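Notes follow once the structure below has been shown.
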Ligand SMILES: NC(=O)c1ccc[n+]([C@@H]2O[C@H](COP(=O)([O-])OP(=O)(O)OC[C@H]3O[C@@H](n4cnc5c(N)ncnc54)[C@H](O)[C@@H]3O)[C@@H](O)[C@H]2O)c1
């Protein structure tokens, strides 16, 4: 029988819960032996599911790491600015670490974590989950086969989705770049990492534009209340009415019978009453025009690579679906793909051949990427694979440099050179 990997989870919010559920469903491969989470209802939810002793269900990463090494791996899914301290300590203790993206909004911290993993000869893998989806694996395979020749240019859209923007980037955790990180890092490090993976070259120049155009008080419709559950004369025509958004998900449950995302951001429970109370009293019931948000709601990024490839990337809140679509233009053909329709279409110039691919669709998060990253990480650790993982921190950091350089470009209205930005910030 194969060795079961023992895991601890640090930060049992939305992401920690996803990984806890994966481990429960794959209990021949892994076992959850400890958790650190200050919110009692979140901690109890996972403790109950995994039947973990009280002594290893603690409030904070400091407490669990003070116990020494109690498992093989640490899954670190605290908030963006709380990745550094637990990761450094876990690596020092000898844990292999699966760390949520972004590694850190500070390049120096990213580099220090990579060096720490080297120093203690540990694995440090980042949850850039898109690389683990059947969809983008298929895209990558098509490019590797040379079906469209050499890549010349890429256009890529990240369709954030109007209600997802409201949930995470207006009302939720990533609304304030000082508290978390700029949206182009928090949300789009996935996309910039995907582009890195497809292009396989070093980025040279970065420019970017974007703003918070819509979700601010000057755009509040007349009569808009401060909360959706107050009397609001703008409600009937408002796409961001919290009750309408959240009641749609009342049937979205995880294996423990409690709410899955997005409702688990509001409550650890499973009743309509709990959701209503959270909307009435908590941050997710605030009017989208009366929040304390400052991150952009649309941003474009242009990239030039050393080998001459150009990329035009657009991230935008104002889309109906949460999806991504991409056009990759090569010397011998073009590839168009859309995660919403699950279609990848390749056209070859010379023959006019058209091939359509429809990769396996997974119902689990990020098109199977959430399961994929943990599945591969468990194998990576269990089999002590020596080659680097496709989302090793050392590989993933390039997307962070590009994202933060894009943010500097947006703010300063300058073109930023990758090397110069890296040297100034490392
Ligand atoms: N890979 C992806 O696709 C993806 C998607 C969404 C979010 N994320 C990232 O995952 C991370 C977590 O996001 P989330 O949505 O789960 O956030 P979350 O806020 O729901 O979860 C973070 C948890 O950390 C807990 N915490 C706070 N202080 C702690 C401490 N001292 N010790 C232990 N835990 C502590 C919080 O109470 C919270 O429950 C973020 O960095 C986020 O950007 C990644």
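Residue numbers (my numbering): 37 to 462. From the three backbone atoms N, C-alpha and C, an ideal C-beta is built for every residue, glycine too. Only a predicted model underlies this, so the values are computations on that prediction, with no experimental measurement involved.
Task: Proximal residues to residue 269 (C-beta, below 6 Å), its chain only, five neighbours per side dropped - done: 259
TODO: Write down the C-beta distance between residue 397 and residue 205 rounded to the nearest angstrom, noting that I regard them as a contact closer than 8 Å.
DONE: Not quite, the Cβ-Cβ distance comes to about 26 Å (not below 8 Å), so this is no contact.
Open item on the list: Please classify residue 391 as buried or exposed, where buried requires at least 16 neighbouring CB atoms within 10 angstroms.
Closed with: exposed
Task: Contact set for residue 190: own chain, Cβ-Cβ below 6 Å, skip 5 residues either direction - done: 347 and 364
Task: DSSP three-state assignment for residue 62, whether helix, strand or coil - done: coil
Open item on the list: Using C-beta distances below 7 Å, list every residue in its chain close to residue 162, excluding the 5 sequence neighbours before and after it, in chain order.
Closed with: 135, 137, 139, 427, 429 and 432
Task: residue 242, DSSP secondary structure in three states - done: Correct three-state label for residue 242: strand.
- [ ] Please list, in chain order, all residues of the same chain as residue 352 whose beta carbon is under 6 Å from its beta carbon, the five residues on each side excluded.
- [x] 334
TODO: Note down the Cα distance separating residue 329 from residue 194, rounded to an integer number of angstroms.
DONE: 20 Å
- [ ] Determine the DSSP secondary structure at residue 103, reduced to helix, strand or coil.
- [x] coil
- [ ] Answer with buried or exposed for residue 141, where buried requires no fewer than 16 other C-beta atoms within 10 angstroms of its C-beta.
- [x] buried
Open item on the list: Given the structure, does residue 137 come close to ligand 1, in the sense that its CB is under 7 Å from one of the ligand's heavy atoms?
Closed with: yes
- [ ] Compare the C-alpha of residue 316 against each of 285, 299 and 278 and name the closest.
- [x] 278
Task: Coil, strand or helix - residue 295 by DSSP - done: Residue state, collapsed to three classes: strand.
Task: Limits of the beta strand (DSSP E) - the one that residue 165 falls within - done: No beta strand (DSSP E) contains residue 165, which DSSP labels as neither H nor E.
- [ ] Go to residue 189, then tell me how far its beta strand (DSSP E) extends in each direction, as first and last residue.
- [x] 187-195
Open item on the list: Let me confirm a value: residue 462 is counted as buried when at least 16 other C-beta atoms fall within 10 Å, else exposed. Which label applies?
Closed with: Residue 462 should be labelled exposed.
TODO: Determine the burial state of residue 286: buried for a count of at least 16 other Cβ atoms within 10 Å of its Cβ, exposed for fewer.
DONE: exposed
Task: Check: residue 114 C-beta below 7 Å from any heavy atom of ligand 1 - done: yes
Task: Pairwise C-alpha distance: residue 52 and residue 60 - done: 12 Å
TODO: With DSSP as the reference, please indicate the residues paired to residue 334 in a beta bridge.
DONE: Looking at the DSSP assignment, residue 334 forms a beta bridge with 247 and 352.
Task: Local Cβ density within 10 Å of residue 291, reported as buried at 16 or more and exposed below that - done: exposed
- [ ] Would you check whether ligand 1 has a heavy atom nearer than 7 Å to the C-beta of residue 203?
- [x] no
Task: Candidates 47, 457, 45 and 439: closest to residue 244 by CA position - done: 439
Open item on the list: Using a 10 Å radius around the Cβ and a threshold of 16 neighbouring Cβ atoms, would you call residue 159 buried or exposed?
Closed with: buried
Open item on the list: Under DSSP, the beta strand (DSSP E) around residue 370 begins and ends at which residues?
Closed with: 369-374
Open item on the list: Going by DSSP in three states, residue 236 sits in which element: helix, strand or coil?
Closed with: coil
Open item on the list: Within the continuous beta strand (DSSP E) that includes residue 412, where are the two ends?
Closed with: Run containing residue 412: none in the beta strand (DSSP E); it sits in the alpha helix (DSSP H), 405-418.
Open item on the list: Using 8 Å for Cβ pairs, my map puts residue 327 next to residue 261. What's the rounded Cβ distance?
Closed with: So it is not a contact: roughly 13 Å between Cβ atoms.
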